[in-house]
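Numbering (the working numbering), first residue to last: 318 to 446.
Even glycine gets a Cβ: it sits at the ideal position worked out from N, Cα and C.
Every value quoted in this text rests on a predicted model; they were computed, and no experiment measured them.
Reviewing the structure listed below.
Written out as structure tokens, the structure is:
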């Protein structure tokens, strides 16, 4: 619902944290690691306890936002439209394409849903006369 609102117009109303969004990335990490750790013959059972603890903290942790600001409260007031807006913490997810393995991408990812604009489209200017 915040897609039609500008962030600068929103003012926090409550101290309740925003609703978390369950991402497929986190669920996939947990599923993949659970298969490895459930195998009794796996080498991971010989690792030290502090390593296992730190590893699972990393797997279960959420990604820290770098390219956006997390909402501070669950409900915010839009003074321009005069309505209450419910915010949601939905992170920007990227994926590694197969081309990333063939070149030096340096950890770069592609954002899904981004559409490149047409380079030769002319901007239409309306005349005021």
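Return the first residue and the last residue of the beta strand (DSSP E) that residue 329 is part of. In the DSSP assignment, residue 329 falls within the unbroken beta strand (DSSP E) covering 327 to 329.
With residue 416 as the anchor, note down where its alpha helix (DSSP H) starts and where it stops. Here the alpha helix (DSSP H) through residue 416 covers 416 to 419.
Exposed or buried, residue 334, counting other C-beta atoms within 10 Å across all chains shown (16 or more means buried)? Note on residue 334: under 16 other CB atoms within 10 angstroms of its CB, so exposed under the neighbour-count rule.
Does the segment 422 to 436 come close enough to the segment 389 to 399 to have 3 or more Cβ pairs within less than 8 Å? No: the two stretches stay apart, fewer than three of their Cβ pairs being nearer than 8 Å.
Out of 328, 327, 336, which one is the CA nearest neighbour of residue 391? Nearest of 328, 327, 336 to residue 391, Cα basis: 336.
Just list the residues that DSSP pairs residue 405 with in beta bridges. According to DSSP, residue 405 shares a beta bridge with 336.
Paired residues, beta bridge with residue 308 - DSSP: Not covered by the structure: residue 308. The range shown for the chain is 318 to 446.
Among 402, 358, 381, 419, nearest to residue 408 - alpha-carbon criterion: The residue with the shortest Cα to Cα distance from residue 408 is 381.
Helix, strand or coil at residue 318 according to DSSP, with G and I counted as helix: Since pLDDT at residue 318 reaches only 47, below the 50 mark, its modelled position is unreliable, and the value read off the structure follows with that caveat. Look at residue 318 here: in three-state DSSP terms it is coil, with no helix or strand label.
For residue 383, does the three-state DSSP call read helix, strand or coil? In this structure, residue 383 counts as coil in the three-state DSSP scheme.
Assigned exposure category for residue 318 - 16 Cβ within 10 Å defines buried: Confidence is the limiting factor: at residue 318 the pLDDT is only 47, short of 50, which leaves the residue's position unreliable and the question unanswerable from this model.
Within 10 angstroms of its Cβ, does residue 438 collect 16 or more other Cβ (buried), or is it exposed? Residue 438 counts as exposed, since fewer than 16 other beta carbons sit within 10 angstroms of its beta carbon.
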